[in-house]
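Quick note, the sequence shown lines up with residues 266 to 678 if you use our numbering.
Glycine included, each C-beta is placed from N, C-alpha and C at the ideal position.
Below: one structure, written as structure tokens.
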Amino acid sequence: MLPYHSLTDPFEPNQYLKRWQEVERKASAKGFTWATLYENYEDNQYMSDSLLVVPSSLAREVENASRAANDVFQKTYEQIMKDRSIIHRLGISVFMWDLLLAEGKGAFSYFTRYDFIASANGLKVIEANTDTPVGIVESAVAQEILCQEHGQLNPNAQLAANVRNAWNQIIRDYRIGSTDTLYFTCADWHDEDKQTVKYLMSLYPQQAKYVPLEEIVVGKEDVQTPEGEKIEFLYRLYPLEYFLEEKSGTGERIGEQFLVHLMNDKLKIINPPSALLMQSKAILSLIWEKKDEWYTRMERDAIEKYFLPTYDSLGDMNSYVKKPVLGREGGGVQVVSGGAVIDEDVDYYQEQATVYQEYFPMPDQTIDTWDGPYTGKLLIGSHVINGEPSGLFFRVGGPITGNLSMFVAYTTR
Numbered sequence: 266m267l268p269y270h271s272l273t274d275p276f277e278p279n280q281y282l283k284r285w286q287e288v289e290r291k292a293s294a295k296g297f298t299w300a301t302l303y304e305n306y307e308d309n310q311y312m313s314d315s316l317l318v319v320p321s322s323l324a325r326e327v328e329n330a331s332r333a334a335n336d337v338f339q340k341t342y343e344q345i346m347k348d349r350s351i352i353h354r355l356g357i358s359v360f361m362w363d364l365l366l367a368e369g370k371g372a373f374s375y376f377t378r379y380d381f382i383a384s385a386n387g388l389k390v391i392e393a394n395t396d397t398p399v400g401i402v403e404s405a406v407a408q409e410i411l412c413q414e415h416g417q418l419n420p421n422a423q424l425a426a427n428v429r430n431a432w433n434q435i436i437r438d439y440r441i442g443s444t445d446t447l448y449f450t451c452a453d454w455h456d457e458d459k460q461t462v463k464y465l466m467s468l469y470p471q472q473a474k475y476v477p478l479e480e481i482v483v484g485k486e487d488v489q490t491p492e493g494e495k496i497e498f499l500y501r502l503y504p505l506e507y508f509l510e511e512k513s514g515t516g517e518r519i520g521e522q523f524l525v526h527l528m529n530d531k532l533k534i535i536n537p538p539s540a541l542l543m544q545s546k547a548i549l550s551l552i553w554e555k556k557d558e559w560y561t562r563m564e565r566d567a568i569e570k571y572f573l574p575t576y577d578s579l580g581d582m583n584s585y586v587k588k589p590v591l592g593r594e595g596g597g598v599q600v601v602s603g604g605a606v607i608d609e610d611v612d613y614y615q616e617q618a619t620v621y622q623e624y625f626p627m628p629d630q631t632i633d634t635w636d637g638p639y640t641g642k643l644l645i646g647s648h649v650i651n652g653e654p655s656g657l658f659f660r661v662g663g664p665i666t667g668n669l670s671m672f673v674a675y676t677t678r
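What follows is the structure, encoded as structure tokens:
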């Protein structure tokens with residue numbers, strides 16, 4: 266368990282809430298507006314105002330593991346492109362195969378987050394969020410404010426600069442001209458996504474406009490804004506596979522038409538389609554299966570050190586985590602230890618193919634909350650932006666890390 270600093274010590278409920286609200290107002294003014302989340306008919310605390318004290322050695326190890334994991338994913342992508350028949354194992358709709366296997370001119374993903382469990386038994390990557398990673402505003406904006414409140418250095422201070430570098434790389438890779446506009450979109454009602462999009466847009470160095478996803482016009486010839494401006498370049502914080510189900514108010518399958526425009530190169534999106542290919546958790550079972558065939562000795566060592574045995578079928582495992590291959594935010598996950606179910610979500614993604622990952626216990630972590638000290642399970646997110654480890658994102662919650670697991674900032678020593 267990591268030590269942590271408290272803003273209210275000793276804990277007293279009214280004093281804690283007053284201090285927390287002060288921090289929340291400062292964070293909200295900078296664009297982090299979801300310090301509380303409304304779910305199950307009540308407000309839930311999402312931001313803790315505690316500050317974890319992380320050993321510098323652990324932070325460096327996560328950085329090294331993030332580089333290694335990203336290298337393994339890059340090699341895996343290259344191997345899939347050499348043997349494209351493998352895509353049938355990834356649980357992705359056949360309608361999207363041609364799009365996902367199209368040759369890209371840049372990275373398979375520019376904005377990625379790897380999630381790690383760190384314990385006395387080592388450090389393990391449990392999944393990769395390569396398509397639509399979030400947690401960026403927490404790691405940039407809220408993290409900076411909380412470090413200031415605690416009078417501590419912010420280890421994520423380079424995150425914004427790395428985002429700017431990523432945009433410059435994207436401009437080169439996509440050949441976005443100085444007079445071209447990069448449009449930014451997400452579901453307009455989703456505050457977290459909208460503020461994340463606006464944060465990323467604020468760091469983009471050329472012409473940019475926000476257009477709500479609900480207002481994008483998908484025609485037979487192209488994609489446009491409501492004002493009739495043609496969209497050629499689009500950053501979308503919206504899962505690519507969701508477009509398959511999108512329909513117009515009159516029932517037209519505009520999502521499929523949107524994907525057709527992508528296949529015909531009338532529209533270019535960020536993250537690129539390859540990011541969805543690598544989002545499938547079946548990639549993890551593929552990495553484990555092919556570790557002695559596809560990878561160099563250094564890459565094999567990284568897989569053995571940082572990855573968990575993951576399989577397409579259960580076999581004789583009695584301690585495992587069952588995951589839908591395209592599940593998000595803990596949906597559809599089941600955690601089993603010694604044959605007993607520890608936690609599970611049965612509300613989402615039950616129709617998807619699944620993988621079975623060896624169970625690796627998450628460490629306990631205590632933080633301060635409205636209701637006093639809370640002890641949950643610690644998960645470490647690591648942002649990799651344009652291939653560079655760019656900052657950590659800590660959450661504390663249940664055995665399944667869902668959208669209500671609490672964000673907690675950190676410093677190093």
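Across the set A294, T273, V462 and K295, the C-alpha of T273 shows the shortest separation from the C-alpha of W285. The alpha helix (DSSP H) runs of length 4 or more contained entirely in the stretch 419-470 are, from start to end of the chain, 424-439 and 456-467. Take Q489, set aside five residues on each side of it, and the residues of its chain with a beta-carbon closer than 7 Å to its own are V482, K495 and I496, in chain order.
Under the 10 Å beta carbon count, W432 is surrounded by 16 or more other beta carbons and is classified as buried.
Taking each of A294, V428 and G400 in turn and checking the Cα distance to F658, the smallest one comes out for G400. In the structure shown, E497 adopts coil according to DSSP, grouped into three states. With contacts defined by Cβ atoms closer than 8 Å, M361 and E510 do not form a contacting pair.
For V337, the uninterrupted alpha helix (DSSP H) run begins and ends at S321 to K347, by DSSP. By the neighbour-count definition (other C-beta atoms within 10 Å, threshold 16), E457 is a buried residue. As the crow flies, the alpha-carbon of V462 is around 44 Å from that of D581. For L355, same chain residues with a beta-carbon under 6 Å away, outside a window of 5 residues either side, are S545 and A547 in chain order. Taking 8 Å as the cut-off, the Cβ atoms of V327 and I632 do not count as close. Cα atoms of Y503 and K512: separation of roughly 15 Å, rounded to the nearest angstrom.
Per DSSP, the unbroken alpha helix (DSSP H) holding K283 starts and ends at P278 to A294. Annotation: the stretch 338-406 contains the following complete segments of the beta strand (DSSP E) (minimum length 3 residues), in chain order: 376-384 and 387-394. Rounded to whole angstroms, A425 and V620 show a C-alpha spacing of 35 Å. Excluding its 5 nearest sequence neighbours in each direction, L267 has C-beta neighbours in its own chain below 7 Å: L317, V318, V319 and Q630, listed in chain order. T377 counts as buried, since no fewer than 16 other beta carbons sit within 10 angstroms of its beta carbon.
For the pair V428 and N651, the Cα-to-Cα distance works out to about 8 Å.
E304 counts as exposed, since fewer than 16 other beta carbons sit within 10 angstroms of its beta carbon. Taken through DSSP and simplified to helix, strand or coil, E486 comes out as coil. In this structure, DSSP gives A605 an extended state, which the three-state scheme calls strand. Straight-line spacing of the CA atoms in I607 and A334 works out to 28 Å. Counting along the chain, the unbroken alpha helix (DSSP H) around M528 starts and ends at I519 to M528. Among the bridge pairs identified by DSSP, A473 is matched with L447. In this structure, DSSP gives L551 a helical state, which the three-state scheme calls helix. Residues of the same chain with a CB within less than 7 Å of the CB of E653, apart from the 5 flanking positions on each side, are N427 in chain order. K546 sits in coil when the DSSP states are folded into three classes, being neither helix nor strand. For D566, the uninterrupted alpha helix (DSSP H) segment begins and ends at R562 to Y571. Residue range Q408 to H415 is occupied by the alpha helix (DSSP H) that includes L411, with no beta strand (DSSP E) assigned at that position. By DSSP's assignment, A674 forms a beta bridge with L316. Our two residues, R501 and P275, have alpha carbons roughly 44 Å apart in a direct line. In the structure shown, E307 falls within a strand segment according to DSSP collapsed to helix, strand and coil. Three or more Cβ pairs closer than 8 Å define a contact, and the stretch 336-353 falls short of that threshold against the stretch 437-444. Excluding the 5 residues flanking it on each side, V586 has same chain C-beta neighbours closer than 6 Å at V600, Q622 and Y624, in chain order. Burial is judged here by how many other beta carbons sit within 10 angstroms of a residue's own beta carbon; K283 has fewer than 16 and is exposed.
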